[in-house]
Amino acid sequence: MDFSNLDKLVPQLRREYRSGKLDEKDMAADPFAQFGQWFLETVKEGCDLPNGAFLATSGAGARPSGRVVLVKGFDKAGFVFFTDQRSLKGRDLTFNPKAALVFFWPKLDRQVIVRGAVKLLEEKKTKNYFAGRPREAQLAAAVSVQSSVVRGRKMIEDQYQKLVKKLAGKPVPKPAEWSGYKLAPQWVEFFQGRPNRLNDRLCYSRRRKGLWTLQRLAP
112 MDFSNLDKLV PQLRREYRSG KLDEKDMAAD PFAQFGQWFL ETVKEGCDLP NGAFLATSGA
172 GARPSGRVVL VKGFDKAGFV FFTDQRSLKG RDLTFNPKAA LVFFWPKLDR QVIVRGAVKL
232 LEEKKTKNYF AGRPREAQLA AAVSVQSSVV RGRKMIEDQY QKLVKKLAGK PVPKPAEWSG
292 YKLAPQWVEF FQGRPNRLND RLCYSRRRKG LWTLQRLAP
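Here the working numbering runs 111 ahead of the position in the sequence shown, where the first position is 1.
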């Protein structure tokens with residue numbers, strides 16, 4: 112591949128932010144209420160995958176890694192997602208139970224960056240969520256050791272079909288390693304793109320339980 116054309120193209124990929132503004136007086140008292148308001152607006156505006164978020168973790172040797180996950184719930188205790196504890200992110204979180212989530216909603220020129228500590232969700236809640244998943248997704252979780260090296264796709268598909276036959280007419284048991292996680296925020300930034308890159312960035316930082324400080328950050 113000739114990368115010279117890409118070197119010319121990429122710097123030209125630019126557009127102005129014109130969707131809105133962010134003012135301290137309009138912000139909610141805590142980041143959870145503010146996030147809920149923004150999230151409903153993303154759904155109303157038809158943003159693609161509004162609950163998709165980039166999850167950043169780090170493991171042994173401060174090695175960073177990242178991937179997009181689907182956030183499956185949030186409340187005043189934090190943001191919930193599910194994964195296999197044997198996956199890279201699962202191993203990272205076992206080693207270092209701190210992470211960041213980044214929601215990116217380009218249609219509204221918005222981002223939300225969340226940083227905090229991560230804990231395993233209660234097993235009962237994880238089982239209840241797993242039981243409500245589509246059967247095909249349950250089977251996929253049961254047959255896959257996430258992030259492990261496999262010989263090829265056919266091997267996974269064959270194992271999947273074997274499990275389909277084995278569990279025909281039976282409930283799919285939740286794999287022991289398939290778990291829920293909750294990220295409890297200590298710091299939440301709301302980013303609103305503005306013209307000329309003079310973006311609005313308002314940040315909530317936790318002082319103590321239930322109390323937050325709101326500050327504006329330079330663009």
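Built from N, CA and C at the ideal position, the CB exists for glycine as well.
- Going by C-alpha positions, P306 is about 46 Å away from R264.
- For the set E288, F302, G163 and L204, the Cα lying nearest the Cα of A171 is the one of L204.
- Counting along the chain, R312 sits inside the beta strand (DSSP E) bounded by residues D311 to R319.
- Proximity to K293 across L232, P330 and V179 peaks at L232, based on C-alpha coordinates.
- With respect to the 8 Å criterion, E156 and K218 are classified as neighbours on the basis of their beta carbons.
- Here V179 is not near A167, since their CB atoms are 8 Å or more apart.
- Between G184 and P296, the C-beta spacing is not below 8 Å.
- Here D311 is buried: its Cβ has 16 or more other Cβ atoms, across all protein chains shown, within 10 Å.
- The Cβ atoms of D134 and W323 do not sit closer than 8 Å to each other.
- Within the same chain, and ignoring the five residues on either side of V283 in sequence, the residues whose Cβ sits closer than 7 Å to its Cβ are R246, Q249, L250 and A253.
- Secondary structure note for V179: its beta strand (DSSP E) is the uninterrupted segment P175 to L181.
- The beta carbon of P208 lies closer than 8 Å to those of A228, V229 and K230 in the same chain, with the five residues before and after it left out.
- With respect to the C-alpha of F302, the residue from T237, L313 and Q326 having the closest C-alpha is L313.
- Classified as buried, D195 has 16 or more neighbouring CB atoms from the shown chains inside 10 Å of its CB.
- Taken in chain order, the complete alpha helix (DSSP H) segments of 4 or more residues contained in the segment 235-271 are 246-254.
- P161 sits buried, since 16 or more C-beta atoms from the chains shown fall within 10 Å of its C-beta.
- Counting only residues of its own chain and dropping the five nearest sequence neighbours on each side, M138 has a CB closer than 7 Å to the CB of Q145, L313 and L325.
- Per DSSP, the continuous alpha helix (DSSP H) segment holding L151 begins and ends at P142 to K155.
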